[in-house]
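In the working numbering, the protein residues as written are 151 to 222. What follows is one structure encoded as structure tokens, with my remarks underneath.
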Amino acid sequence: MVKVNIPRETWHQVWKSLLQEGAVTRVSKDYIYLVSERHIQILSDKQLPFEVIDTGVSPREKIRHLLASPVQ
């Protein structure tokens with residue numbers, strides 16, 4: 151999992167692309183989300199703006215993301 155910051159101006163377009171790929175977890179009111187490596191690849195391929203946050207993902211955030219993800 152990777153933390154990304156999505157610019158507020160393009161949030162709607164980026165958000166739609168993220169949701170089409172799978173589960174996304176918001177970890178901050180500042181448009182910071184936990185996403186997968188596949189999400190990063192899709193955003194890069196579509197040239198959508200985002201910033202990878204270099205802080206670690208806490209165990210609490212990981213659990214929250216896993217609980218929000220659909221069980222397969």
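Using N, Cα and C, we set each Cβ at its ideal position, and we do this for glycine too.
Relative to the alpha-carbon of leucine 168, which residue among Pro157, Arg188, Arg158, Glu159 has its alpha-carbon at the smallest distance? Arg188
Locate the beta strand (DSSP E) running through arginine 176, then write down its first and last residues. 175 to 178
What are the boundary residues of the alpha helix (DSSP H) that glutamate 201 is part of? Here glutamate 201 belongs to no alpha helix (DSSP H); instead the beta strand (DSSP E) covers 201 to 203.
State the beta-bridge partners of tyrosine 183 as determined by DSSP. Val154, Arg176
Would you identify the three-state DSSP class for glutamine 197, choosing helix, strand or coil? coil
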